[in-house]
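Here my numbering is used: the first residue of the sequence shown is 2, the next is one more, and so on.
Taking it in order: structure first as structure tokens, then the write-up.
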Amino acid sequence: MDNCLEVKNVSFAYGARQVLKNISFTVEKGEILGILGPNGAGKTTLLKCVLRKERIREGEITLWGKKIISYEQNEIARLVSYVPQEIFIPFSFTVFEVIMMGRYPHHSPTSFETSEEAEMAKAVLRETDTWDLSNRFFNELSGGEKQRALLARALAQQAPLMLLDEPNSNLDIRHISQLLNLLRKSRKDRNATLVFVTHDLNLASCLADRLILIKEGSLHAIGKSRDILTPSSIRALYDVEINMIEDPETGAPIFTYPLDIAR
Ligand SMILES: Nc1ncnc2c1ncn2[C@@H]1O[C@H](COP(=O)(O)OP(=O)(O)OP(=O)(O)O)[C@@H](O)[C@H]1O
Ligand SMILES: [Mg+2]
């Protein structure tokens, strides 16, 4: 059983608003899957269904071959880490406390973090450039600083599956490059499986092994990034004209806006 995640015929509605329609796909252990789609297509909702933050009424989601409904919530938190698109933390937690929250699923209610864990958290702080922020209050950080702290929290959790919802949306280019390296390293060192949502076509093409495109809650296309990311598929997904050139060094597609839009 090499499937880490299987989503089978999943439909979901918020009240009367149908958001996901009969979605099916699988993610293999160690795979990096990207999810693209217009605003409101249902990407965040799909991740929340996998995390069981939203309950599906139709279809089935399995993690390592076991239905998510038969897991304890705490077990899911141990197996799946999550970098949310947006977060509201109601109290004044420091960045270090927020990062250590990633370790809670590993503890019994009465146990405290070990010194080994504190060391690991420090390593994560250094890797994500959040060391200097660790004593600051999370709620007082900038958008990009918050995003790095949430990435650090997810990395500290060391879960075999990571779900990342637009993890680069607020990052500067140095930190995007750092994000790419950290995610690749998680796969290389721990064989972590990664599922990420992004609006950045260039990031999707250089990070993902496979992509799924979601349009109006339905699975529009699935396949290898090279086959999926074409001007015609982008046009069909977003209803926009976009130019594609190839990176002369890697052959990876690069997307640019046509001249009449750019000028
Ligand atoms: N809690 C909610 N109650 C009702 N409707 C919701 C709720 N959350 C999201 N929606 C609606 O469900 C649809 C899908 O939302 P979702 O957040 O999954 O989109 P998305 O693909 O992640 O979009 P974006 O790219 O803007 O993040 C949208 O039409 C949104 O308005
Ligand atoms: Mg979203």
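Just so it is clear, CB atoms sit at the ideal spot from N, CA and C, and this is done for glycine as well.
All values reported here derive from a predicted model rather than from experimental measurement.
When distances are taken from the beta-carbon of LYS54 to the heavy atoms of ligand 1, even the shortest one reaches 7 Å or more. A distance below 8 Å separates the beta carbons of ALA155 and MET163. Residue environment for LYS189: exposed (fewer than 16 other C-beta atoms within 10 angstroms of its C-beta). The Cβ-Cβ distance between GLY38 and LEU214 falls below 8 Å. A distance criterion of 7 Å places the beta-carbon of ASP201 beyond contact range of ligand 2, judged by its closest non-hydrogen atom. A Cβ-Cβ contact shorter than 8 Å links LEU34 with ASP210. The shortest C-alpha to C-alpha distance from THR251 to any of CYS207, LEU220 and LEU230 is the one to CYS207.
Under DSSP, the beta-bridge partners assigned to ALA14 are GLN19. Comparing alpha carbon positions, the residue from GLN179, GLU29, GLU141 and VAL84 closest to GLN158 is VAL84. In chain order, the residues positioned with their C-beta nearer than 7 Å to some heavy atom of ligand 2 are LYS44, THR45, GLN86, ASP166, GLU167 and VAL198. The stretch 193-202 and the stretch 166-179 touch, with no fewer than 3 CB-CB distances between them shorter than 8 Å. Contact holds between the stretch 52-63 and the stretch 2-13, because three or more Cβ pairs, one in each stretch, are under 8 Å apart.
Within the stretch 71-146, complete alpha helix (DSSP H) segments of at least 4 residues are found at 74-80, 96-102 and 116-128, given in chain order. Each residue's CA atom was taken as its position, placing MET245 and HIS221 some 20 Å apart. The C-beta of VAL196 has 16 or more other C-beta atoms within 10 Å across all chains shown, which makes the residue buried. Comparing alpha carbon positions, the residue from THR27, LEU6, TYR105 and TYR15 closest to LYS67 is LEU6. If you look at ALA222, you'll find it in the beta strand (DSSP E) that goes 219-225. In summary, PRO91 is exposed, with fewer than 16 beta-carbon neighbours lying within 10 Å of its beta-carbon over all protein chains present. ARG154 sits in a helix when the DSSP states are folded into three classes. Below 8 Å, enough C-beta pairs join the stretch 134-151 and the stretch 94-110 to call them touching: three or more. Per the DSSP secondary-structure output, GLY35 pairs in a beta bridge with PHE197 and LEU212. Inclusion of GLU146 and LEU134 in the CB contact set at 8 Å is warranted, their separation being smaller than that value. Taking the Cβ of ARG58 as the reference point, every heavy atom of ligand 1 lies at 7 Å or farther away. Between the stretch 230-249 and the stretch 65-79, the count of Cβ pairs shorter than 8 Å is below three; the stretches do not touch.
The Cβ atoms of SER82 and ALA160 sit closer than 8 Å to each other.
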